[in-house]
Each structure stands twice: as structure tokens, then as C-alpha cells.
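Taking it in order: structure first as C-alpha cells, then the write-up.
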Amino acid sequence: MSGLEQAPTSALPTGGQGAAGTPWPSGARRRTDGELEVAGVSVSGLAAEHGTPAYVLDEADFRARARAYRTAFEAAFAEVGAGVDVYYAGKALLTVAVARWATQEGLRVDTASGGELAVALRAGVPGTSIGLHGNNKSDAEVLAALDAGVGRLIVDSLVEIERVADLAASRGVTAPVMVRVTTGVHAGGHEYISTAHEDQKFGLAVAPGPDGGTSPALAALEAVVARPELELLGIHSHIGSQILDASGFEAAARVVLQLRADLAARTGVLVGEVDLGGGYGIAYLPGEVPLDPARIAKDVAGTVAEVSDELGTPLPRFSIEPGRAIVGPAGLTLYTVGTVKPVTVSESDADDGGTTFTRLYVSVDGGMSDNIRPALYGADYHAEIVGRESDAGPVLARVVGKHCESGDIVVHQVMLPGDVRAGDLLAVAATGAYGRSMASNYNALTRPPVLAVADGAARVLVRRETVEDLLALDQG
Ligand SMILES: *Cc1c(COP(=O)(O)O)cnc(C)c1O
13 MSGLEQAPTS ALPTGGQGAA GTPWPSGARR RTDGELEVAG VSVSGLAAEH GTPAYVLDEA
73 DFRARARAYR TAFEAAFAEV GAGVDVYYAG KALLTVAVAR WATQEGLRVD TASGGELAVA
133 LRAGVPGTSI GLHGNNKSDA EVLAALDAGV GRLIVDSLVE IERVADLAAS RGVTAPVMVR
193 VTTGVHAGGH EYISTAHEDQ KFGLAVAPGP DGGTSPALAA LEAVVARPEL ELLGIHSHIG
253 SQILDASGFE AAARVVLQLR ADLAARTGVL VGEVDLGGGY GIAYLPGEVP LDPARIAKDV
313 AGTVAEVSDE LGTPLPRFSI EPGRAIVGPA GLTLYTVGTV KPVTVSESDA DDGGTTFTRL
373 YVSVDGGMSD NIRPALYGAD YHAEIVGRES DAGPVLARVV GKHCESGDIV VHQVMLPGDV
433 RAGDLLAVAA TGAYGRSMAS NYNALTRPPV LAVADGAARV LVRRETVEDL LALDQG
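Going from the sequence shown to the working numbering is simple: count from 1 and add 12.
Structural data, given as C-alpha cells:
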């Protein structure tokens, strides 16, 4: 039970905002009667009006995080004489309002499909401020991007380079492209792994091929230079997600800047831009320390300045693509508790021959259809009963969904008040990223609404899906 017995059942700040060490939005506050307010809005009121499950987004928190990343990177890179653009990675959560918030805070928007591109355009994001990613873009997606005048297409293979060039020619335009490369640096969590070749579908390897010949990345960059319908903006690298220190970004930046110098030596073309991707980590559990944007920006800016000094090349313009770090902590999910069931668990243990304990299974009215991350990656979350006070002692609980899968887990382990019961409102922290955007209709559940709260008021950004919506797709 890994020390959880000592943990308090509540990590919610009881006053003030933005307390460190909590995974809740900065506008979250627990009142003395146990009620949770976010940006001055009571979550019980939200549940009563909009039902559960529901995603709740703290707009001011989203905006503050977007600003914090932009200003931290602008300041740190200005210090070493380089410009920087921050792209919000829309795949974490993209709605029309969210795209507008990002733009209003001075960010650009990254998209990874024609659908995400359409949402960004509907929000009024200027084409020039949009990037389009994808390892398998369709012709229709490439054409939609060209027609919207996107600022950059990130190309991912040699065949795609030729295809984008042909499509640009068919439209009589020049396509601005970056080439996505794999640096061999793969990061996630506390450490990075470095290998010559990454066994994954994205990007082109910087390392030479098996024959020791030209690196696929260099060959791709030269292929772009060779096509007049393409404008080579620069080189793109994304090393992973939920990264909690600078070492991986620094190692990748070295590889990319060296590649840029190698390309210049071979072709005379010194590309003007380098993108270092996203992956900035957040706190999911009480006590976890998220990546500090000011710290990481300083570390990475320091490294790139040092490397370009060594290489004797002027610094390019940089860009980064945080998604989770902007929207993850700004969101939470509200559920209503249903069935509560104690289950006796036996665990064998080499030291003392084993233990038997009770785990309380707390079922909620959503699950893997609104948050797939625990089932997909074993991701951990924190949950609390909100909307009432409890004097009951904490018990070890597992929050599960209502789907027909035993792996349908919302929170693997958390201490909840021992009197948790049907009808309670349960909030799960830090679900703003990759919750709604990865939601499904498994078991024909309807996807929850996205509610924004700000200055004591709530509004619906995305309405709840209805069974009618599902039936409307079914042609009988
Ligand atoms: C997923 C992804 C991001 C965003 O990752 P986060 O972990 O949400 O910051 C940025 N860039 C690319 C290319 C990605 O695939």
C-alpha cells in the first residue's frame, strides 16, 4: 500500500490560489463546508446544472500557463540573442475557445490532422500561426493546409516531401516545411535514453543508415532544398512527453544544431528555424514537482548558445510545442459515485509471507471512455470527494469506471474518506490534457461536456454528446 496510509485525503488548498505541490488548477479552493470551488464556481452547482461526468477547465489557469511558457522562453532566448515562438499543441485539447485563449496569449497553434486544423481555423487562428503535423497526412489534409496558408507543414518522410511538393505545385504555391528528425534522444519522466536509431514511426534518423551512408535526415533536408515548390524553414525534433528535466532537450538540441551545421557545410543552406517539440511535464499527484518553465527555458537557452558557439554558426529562431503543460493542470473531471464495493486483496510478500487487506472499489459514471490514460499508459491520477465534508477516516480506494473491462480504472489507488457513498461527487485532478481529446464512445457512452469557469461564471465550450448524436451516425 506504498505509504499511502499516511497521505491526507485532501490536497486541495483551503485558501489562496496556486499553492505549490497540488495537482489542482490554480483557481481551485476547498471551502470550509467541503465544497470545491474553481474560479469562484461551486462544482456541485456545475454538476447539478450540467450533469456528470464533466470536464471543467479553469480559463485563467490555462491563460496563465500559456503566458508563463511564452514569457519564460522569450526572456531566456532573448538573453542569448535568439527569437522563439511557442505553439500550443492542440492535440492535448482543442476547442474553438481554447484555440482563441492560446492565440490571445500570444501562442501559435499546432495541429495534427485536418480536423484539428479545421477547429483552429474556425477559431480564427491566422493560417500563418498554424503548424500541421502528422506521419501520414492525406492529400486532402495537405491541400487544406496549403489553402489555409499555414505557417508550416512538418514533413515526416521522403515520400511525403515529394507529395507535398507536387501538391504545392498543383496549387501554384510554395509550401513552408520543417523536417521532423529523430535525434536518438528519447525522453519521458526523469531520464532520457539515447540510441543511434529510434524504433518508431515518426521522423527521419539523424544517424547514418546501416551502410554508413548519408543520414536519412540529411537526405530529407537535401530533398527539400532540391524542390523549388518547398521553402525549407528548418528542423523539428520532439523527444517525448511528461519530461521532468532539461537533459533530454539539451541533448536533442545539440544533435539538431550539429545537423543544421552539417547541412550548411554540404549545401550552403543554413536553416533559420529549429523546433524542440513539446513534452514538458506536470504534476499529476500531490507533492509532485512540475517542470518550471523559467528554469527549463534558461537551461535550454544556455545549451543552444554554447553549442552554436562551438559550431561557429549563428543561432536560429527557435520554437517549442507544449500541450500538456498548458492545459493539463487547468482541467479536472467531475464524476458521480455509484456502486461502492469492498474487495479483499491478498498480496504475497517475500519478507513476511503476504498480507491481506481491503481495497474499496468506487465506481463512477464515466471511465476509460473519458480518460484512457490509466488503461493506456498506467497513468496515475489523484481524486477527492468534493461537495461535502467528512470526518470519516481515510480508506484505500480504487476509482473505476462503468465499462465492460476490468482495466477500466480511473485512479489506481487513492485514500478516500471511509464513508464514500453513492451520490457523492468525485473530482479527478489534472485531466485537462488528453482526456476529452482521447475520449471514445465505448459502450455507447456519450462524451462529457467541456465547461469553462472564469470569474465566478461557467460556460459550455463543448456540449455533452447525446444518444441522439450517436444514433444520428448509425444509418440502420
Ligand atoms: C504530442 C506532441 C506535442 C505535445 O506534447 P505534450 O507532452 O502535450 O507537451 C508537441 N509536439 C509534437 C510533435 C507532439 O507529437
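All C-beta atoms in this analysis are idealised placements derived from N, C-alpha and C, irrespective of residue type, glycine included.
Limits of the unbroken alpha helix (DSSP H) element including Glu234
Pro228 to Ala238
For Met450, which beta-bridge partners are listed by DSSP?
None; Met450 has no bridge partner.
How is the alpha helix (DSSP H) around Lys310 delimited, first residue to last?
Pro305 to Leu323
Is it the case that the CB of Lys310 approaches a heavy atom of ligand 1 more closely than 7 angstroms?
no
DSSP state of His62 mapped onto helix, strand, coil:
helix
Starting from the C-beta of Phe279, find all residues in its chain whose C-beta is less than 7 angstroms away, skip the five residues before and the five after it, and write them out in chain order.
According to the sequence as given, residue 279 is Thr; it is not Phe. The answer, listed in chain order, is Glu234 and Val237.
Is the closest heavy atom of ligand 1 to the C-beta of Gly447 under 7 angstroms?
no
Closest by CA to Glu203, which one among Arg272, Val167, Phe369 and Gly260?
Gly260
Let's test the definition: count the other Cβ atoms within 10 Å of the Cβ of Ser360 and tell me whether it reaches 16, buried, or not, exposed.
exposed
Leu129 and Ala78: beta carbons closer than 8 angstroms?
no
Identify the continuous beta strand (DSSP E) that holds Glu285 and give its terminal residues.
Glu285 to Asp287
N- and C-terminal bounds of the beta strand (DSSP E) containing Tyr2
Outside the displayed range of the chain (13 to 488) lies residue 2, so it cannot be described from this structure.
Are the beta-carbon atoms of Ala217 and Val191 separated by less than 8 angstroms?
no
May I ask whether a heavy atom of ligand 1 can be found less than 7 angstroms away from the beta carbon of Tyr292?
yes
Would you call the region 138-147 and the region 350-359 touching, i.e. three or more CB-CB distances under 8 angstroms?
no
What separation, rounded to the nearest whole angstrom, lies between the Cα atoms of Thr478 and Tyr100?
29 angstroms
So, helix, strand or coil for Tyr389, using DSSP?
helix
When the Cα atoms are used, what is the spatial distance from Ala187 to Ile397?
52 angstroms
Please report how far the alpha carbon of Gly63 lies from the alpha carbon of Glu210, in whole angstroms.
45 angstroms
Smallest Cα separation from Pro386: which of Asp364, Ala404, Arg410 and Gly366?
Arg410
Please confirm whether any heavy atom of ligand 1 lies closer than 7 angstroms to the CB of Ala132.
no
What is the rounded straight-line gap between the Cα of Val440 and the Cα of Gly39?
15 angstroms
Who are Pro188's beta bridge partners in DSSP?
Glu243
Ligand 1 and Gln254: does the residue's C-beta get closer than 7 angstroms to at least one heavy atom of that ligand?
yes
Alpha-carbon spacing of Val432 relative to Thr367, whole angstroms:
24 angstroms
Does any heavy atom of ligand 1 sit closer than 7 angstroms to the C-beta of His250?
yes
When DSSP labels each residue in this structure, what does Ile384 get in the three-state scheme?
coil
Taking 8 angstroms as the cut-off, does the region 52-61 touch the region 370-377 (at least 3 CB pairs, one atom from each stretch)?
no
Helix, strand or coil for Gly30, going by three-state DSSP, please let me know.
Confidence is the limiting factor: at Gly30 the pLDDT is only 45, short of 50, which leaves the residue's position unreliable, though a coordinate-based value still follows. If DSSP states are grouped into helix, strand and coil, Gly30 belongs with coil.
Sequence-distant residues of its chain with Cβ nearer than 6 angstroms to Gly337 (five each side left out)
In the sequence on display, residue 337 carries Ala and not Gly. Same-chain partners within the cutoff: Tyr292 and Ile294.
Assigned secondary structure, Leu179 (DSSP; H/G/I helix, E/B strand, else coil)
helix
Assuming His248 and Asp274 are in contact, meaning their beta carbons sit under 8 angstroms apart, how far apart are those beta carbons, in whole angstroms?
Not confirmed; about 16 angstroms, so no contact.
Simplified DSSP assignment, three categories, for Ala19
Confidence in Ala19 is poor, its pLDDT being 43 and thus under 50, which makes the residue's placement unreliable; the coordinate value appears in the next sentence. Ala19 falls in the coil class under three-state DSSP.
Between which residues of its own chain and Arg112 is the CB-CB distance below 6 angstroms, once the five residues before and five after are set aside?
Ala135
Can you round the beta-carbon distance between Leu428 and Val407 to whole angstroms, since I take them to be within the 8 angstroms contact cut?
6 angstroms
What whole-angstrom Cβ distance do Glu262 and Arg329 have, given they're in contact under 8 angstroms?
Wrong, their Cβ atoms sit about 18 angstroms apart, outside the cutoff.
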